[in-house]
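To start, the structure itself, in structure tokens.
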Amino acid sequence: MAVDTSTIQIVMPAMGDSVAEGTVLEWRKQEGDTVEIDETIVEISTDKVDAEVPAPVAGTIVKILAAEGETVEVGTPLAEIVKSANADSIGGSGGASSATTTQSPLPVSAESPPATPQEALAGAATEAEGEAAVEALTGELIDIVTPTGGESVTEGTILEWSVKVGDRVADGDTVVEISTDKVDMELPAPASGTITEILAQEGETVTVGQVIARLTATASRSLPSSPGGELAGAAATAAPAAPPAPSAPADIPASPVARRVAAADGVDLAGVRGSARGGRITKADVMRAAEAASVTAAGGGNGASATVSPEASRTQLKGGAAALARYMEESRQIPTATSLRTLTVTVLDQRRRQLKEAGQRVSYTHLIAYAMAVAASERMPVMAHHYDAVDGKGFRVDDGAVNLGLAVDVEKKDGTRTLMVPVIRDAGRLDFAAFLAAYNALVEKARTNTLTADDLSGANITLTNPGGLGTVASVPRLMSGQGTILATGSIAYPVGLGNIGEMIGAEKVMTMTSTYDHRIIQGAESGRFLQVLESYLQGEESFYERVFGDLGVALPGLPPPPAPAAAAAAAATARPTSSPSGELASDREAVAELLQAVQAATSLLKAHRTHGHLAAHLDPLGSAPEGDPALDPEQLDLTPELMARIPAHILRMYVPGATLADALPHLRETYCGPIAYEIEHIASHEQRLWLRERIESGEYRAPLRTEEQKALLRRLTQVDALERFMHKAYLGQKQFSIEGLDMTVPMLDETIQLAAGHGA
0 MAVDTSTIQI
10 VMPAMGDSVA
20 EGTVLEWRKQ
30 EGDTVEIDET
40 IVEISTDKVD
50 AEVPAPVAGT
60 IVKILAAEGE
70 TVEVGTPLAE
80 IVKSANADSI
90 GGSGGASSAT
100 TTQSPLPVSA
110 ESPPATPQEA
120 LAGAATEAEG
130 EAAVEALTGE
140 LIDIVTPTGG
150 ESVTEGTILE
160 WSVKVGDRVA
170 DGDTVVEIST
180 DKVDMELPAP
190 ASGTITEILA
200 QEGETVTVGQ
210 VIARLTATAS
220 RSLPSSPGGE
230 LAGAAATAAP
240 AAPPAPSAPA
250 DIPASPVARR
260 VAAADGVDLA
270 GVRGSARGGR
280 ITKADVMRAA
290 EAASVTAAGG
300 GNGASATVSP
310 EASRTQLKGG
320 AAALARYMEE
330 SRQIPTATSL
340 RTLTVTVLDQ
350 RRRQLKEAGQ
360 RVSYTHLIAY
370 AMAVAASERM
380 PVMAHHYDAV
390 DGKGFRVDDG
400 AVNLGLAVDV
410 EKKDGTRTLM
420 VPVIRDAGRL
430 DFAAFLAAYN
440 ALVEKARTNT
450 LTADDLSGAN
460 ITLTNPGGLG
470 TVASVPRLMS
480 GQGTILATGS
490 IAYPVGLGNI
500 GEMIGAEKVM
510 TMTSTYDHRI
520 IQGAESGRFL
530 QVLESYLQGE
540 ESFYERVFGD
550 LGVALPGLPP
560 PPAPAAAAAA
570 AATARPTSSP
580 SGELASDREA
590 VAELLQAVQA
600 ATSLLKAHRT
610 HGHLAAHLDP
620 LGSAPEGDPA
630 LDPEQLDLTP
640 ELMARIPAHI
650 LRMYVPGATL
660 ADALPHLRET
670 YCGPIAYEIE
680 HIASHEQRLW
690 LRERIESGEY
700 RAPLRTEEQK
710 ALLRRLTQVD
720 ALERFMHKAY
730 LGQKQFSIEG
740 LDMTVPMLDE
750 TIQLAAGHGA
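Letter by letter, the sequence shown follows residues 0 to 759 of numbering that gives the first Met the number 0.
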């Protein structure tokens, strides 16, 4: 039973599991002010969200307990309200009353008077009686809880309820849309039945696993649909329902609050245009319609017509749009600079056409993104470093991997557009086939609104492609936690040559911009990064050999250049030399041939160090390994005669052999054997050199005795058995896997034995 007058304490509300305190930003009401139920009285800020705390009852503020700027913990009293004598019970009409206590959990909002037998259940004398009536009449009561949106998500905000109390739903029907700081989600009904309770209002912040609604599963006896049915009688016995307010036709999509406001203000919902998903009418839509109607009436009171000027509308940013806005604000704190480079794309265009002819769906952006990931992994790891501040001190953060973000423009269900940045993790170590599959999977998830929060976190370098819209060049914003964002412009003939470019043999060009965090990356490094990217896209460093090889496609030769360029090349070849005998020209050709062979040898060495494991014969049944064309000297036009002319020491290799021809078998034995090495991603130049020398010289590769081999096999068998047991014994439990780290266990055993021996 409600108490007419009592003192109610307003406490600091819980805003998620990860929020323990908040700061009082502004008091909207002062001591002595009267407030209405649900009227905002104070604004609170936490490290996750800013929230407005409403009044739980109508009354008078008698005491403010926390001053503006003061930090308070969750549950701390903020103010006291003396409830007015004619005020409704806490939480609005129709609910169970608990006003005899001195604290009220916030936020609490009022519900509309029950207008259906199902809604009348909320007016039971007590919550327990209401639930008992529901269960007695329909069946099992099922909780609807906030789902997880990824490991990094602990809370979300109720955007919109698609149902109201009393609505029937089928299993899988969308009941509510929830927004997190990473992604918006539609929550389906866990079973068929009738919605009996909605426990979290639109705009309220809820935590993962929190019960936000309940439905009564369909039982053998269905809910009576008429007011005179069995359910209506039970609800009426529990507590008399308030007189129903005039309501709009049921086929008009509108929220319960919108219907209540429309009934109170005399607004015909049939003439209101809804702004929510699916044209659903919200409270704001009704209030705008009521305001427009009042302006029209005021201007035409004596029969004169009045012209209503269109008013600007305000739409609150929610979900991904709100998160993006916050990130943009944060990005203003990053001191950035931008490098720009324009390059020809003739080779890129030709290679893409060749892949398309081979049945591979590869775009320019796929190739540019992969070149970017490889360049940042193997040549310029500094571009994926990012800045962090701890206790006022700046730190350079190296994640040890290139986590490539892909800026994707997505059209939402309501027709608006938003920017999503899914992340390919450790993109630089993927072969091109795996990279392509990961890229396409993320883009598809973005367009179908199935991305999780984990898909959208962790990027340290990003690619955006405004060139698809015809933008020539762009300087995008760099987000916090990233070192670089690369923007690609449109691929086209230079301005002024669009109509005659093909005719005169001009080449198409593309502009790339590299915007970087100037606290940890310098202009020379950014410029070098763009230079490396251009060299990859022009076919250097065996980039296309890698791409085609990973897709299992033979790399064809390039078609001849456009006619004018071919003529210029022929003219340069036919240019007379300064030596009448032609000896100088012959010497130049020999030097050029040898230099080209040295460059190919460098690529061959790098391919073995990076992808040698692809040619390892590991199958005991003798099947051929996957291989990589970049490991084959013939693919690089390296003949045995040329390799015999290249000294091994100029290639900075440490395997035995005086020439490349002598050293190549030892190089294959080292990198294409049963032991795989991944060291080229290491940022430290000194560490890479030290490891290369030890690996290629075989300094630490002592052969195992037969007894040692058997002991190692037994230990690995024990490791595998434990792994299988854990997975079978603890199904569904999160656990760390030893898969891929099997050799770590015997290595640790060896280390412990050595340490014990030294200790003895």
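Ideal Cβ positions, reconstructed from N, Cα and C, are used throughout, including at glycine.
A quick note: this is a predicted structure, and the numbers were derived from the prediction, not measured.
> So what's Glu692 in DSSP terms, helix, strand or just coil?
Replying inline: helix
> Is Val210 closer than 8 Å to Gly155 when the C-beta atoms are compared?
Replying inline: Going by C-beta atoms, Gly155 is not nearer than 8 Å to Val210.
> Going by C-alpha distance, which of Leu641, Arg518, Ala190 is nearest Val168?
Replying inline: Ala190
> Smallest Cα separation from Phe431: which of Ala368, Arg527, His616?
Replying inline: Ala368
> Does DSSP classify Ala385 as helix, strand or coil?
Replying inline: For the record, residue 385 in the displayed sequence is His; it is not Ala. In the structure shown, the three-state DSSP call for His385 is strand.
> So what's Ser525 in DSSP terms, helix, strand or just coil?
Replying inline: helix
> With a CB to CB cut of under 7 Å and the five nearest residues on each side skipped, what residues in its chain are close to Gln537?
Replying inline: Val346
> Once you ignore the five residues that flank Ser274 on each side, which residues in its own chain have a CB closer than 6 Å to its CB?
Replying inline: Asp284
> Which of the three DSSP states, helix, strand or coil, is assigned to Leu450?
Replying inline: coil
>> Suppose the cutoff is 8 Å on Cβ atoms and the five residues either side in sequence are ignored; what does the same chain contact list for Leu366 look like?
In response: The beta carbon of Leu366 is closer than 8 Å to those of Leu347, Arg350, Arg351, Leu536, Val546 in its chain, skipping five residues each way along the sequence.
> Taking C-beta to C-beta, are Gly482 and His385 nearer than 8 Å?
Replying inline: yes
> What's the gap between the Cα of Tyr699 and the Cα of Glu443?
Replying inline: 47 Å
> CB-CB under 8 Å to Glu677, same chain, minus the five flanking residues each way: which ones, in chain order?
Replying inline: Arg428
> What are the boundary residues of the beta strand (DSSP E) that includes Glu72?
Replying inline: 70-72 is the span of the beta strand (DSSP E), which, as asked, contains Glu72.
> So is Leu354 buried or exposed if we call it buried at 16+ other beta carbons inside 10 Å?
Replying inline: Flag for Leu354 reads buried.
> In three-state DSSP terms, what is Val205?
Replying inline: strand
> Under three-state DSSP, which class holds Pro745?
Replying inline: helix
> Who are Leu418's beta bridge partners in DSSP?
Replying inline: Asp408
> What residue does the alpha helix (DSSP H) around Ala363 start on, and which one ends it?
Replying inline: Note on identity: in this sequence residue 363 is Tyr, with Ala being the wrong assignment. Counting along the chain, the alpha helix (DSSP H) containing Tyr363 begins and ends at 363-373.
> For Glu695, which residues of its own chain have a beta-carbon under 7 Å away from its beta-carbon, when the five flanking residues on both sides are left out?
Replying inline: Met652, Tyr653, Val654, Thr669
>> Just to confirm my understanding: we take Ile751, look at its own chain, exclude 5 residues before and 5 after, and list those with CB closer than 7 Å. What are they?
In response: none
>> Quick check on the burial criterion: 16 or more other C-beta atoms within 10 angstroms. Buried or exposed for Pro239?
In response: Only weak support is given to the placement of Pro239: the predicted model assigns it a pLDDT of 40, under 50, and the value that follows is read from those uncertain coordinates. Result: exposed.
> Under the rule that 16 or more other beta-carbon atoms within 10 Å means buried, what is Tyr543, buried or exposed?
Replying inline: buried
> Roughly how far, in whole angstroms, is the beta-carbon of Ala437 from the beta-carbon of Ile423, given that I think they are within contact range, below 8 Å?
Replying inline: 5 Å
>> Taking the alpha-carbon of Glu201 as reference, which of Lys62, Leu158, Met502, Thr59 has the nearest alpha-carbon?
In response: Leu158
> Start and end of the alpha helix (DSSP H) containing Tyr670?
Replying inline: 659-670
> The beta strand (DSSP E) spanning Ile197 covers which residue range?
Replying inline: Looking at the DSSP string, the run of the beta strand (DSSP E) that includes Ile197 is 192-197.
> Excluding the five sequence neighbours on either side, which residues of its own chain have a C-beta within less than 7 Å of the C-beta of Met286, listed in chain order?
Replying inline: Excluding sequence neighbours, Met286 sits near Val260.
> Hey, how far is the Cα of Glu377 from the Cα of Ser683?
Replying inline: 11 Å
>> If you reduce the DSSP assignment to three classes, tell me which class Leu24 lands in.
In response: Leu24: strand per DSSP, three-state reduction.
> Mind checking Pro242: buried by the 16 CB within 10 Å criterion, or exposed?
Replying inline: Unreliable positioning characterises Pro242 in this predicted model, as indicated by a pLDDT of 41, which lies under 50. A coordinate reading is not provided.
> Between the beta-carbon of Ala440 and the beta-carbon of Leu403, is there less than 8 Å?
Replying inline: no
> Does the pairing of the segment 637-652 with the segment 617-625 give three or more beta-carbon distances under 8 Å?
Replying inline: no
>> Is the beta carbon of Leu342 closer than 8 Å to that of Met509?
In response: Yes; because the gap between Cβ atoms is below 8 Å, this pair is in contact.
> Hey, quick one: how far does the beta strand (DSSP E) through Met511 stretch, first residue to last?
Replying inline: Where Met511 is concerned, the enclosing beta strand (DSSP E) stretches over 508-516.
> CB-CB under 8 Å to Val409, same chain, minus the five flanking residues each way: which ones, in chain order?
Replying inline: Arg416, Thr417, Leu418, Met419, Ala445, Arg446, Asn448
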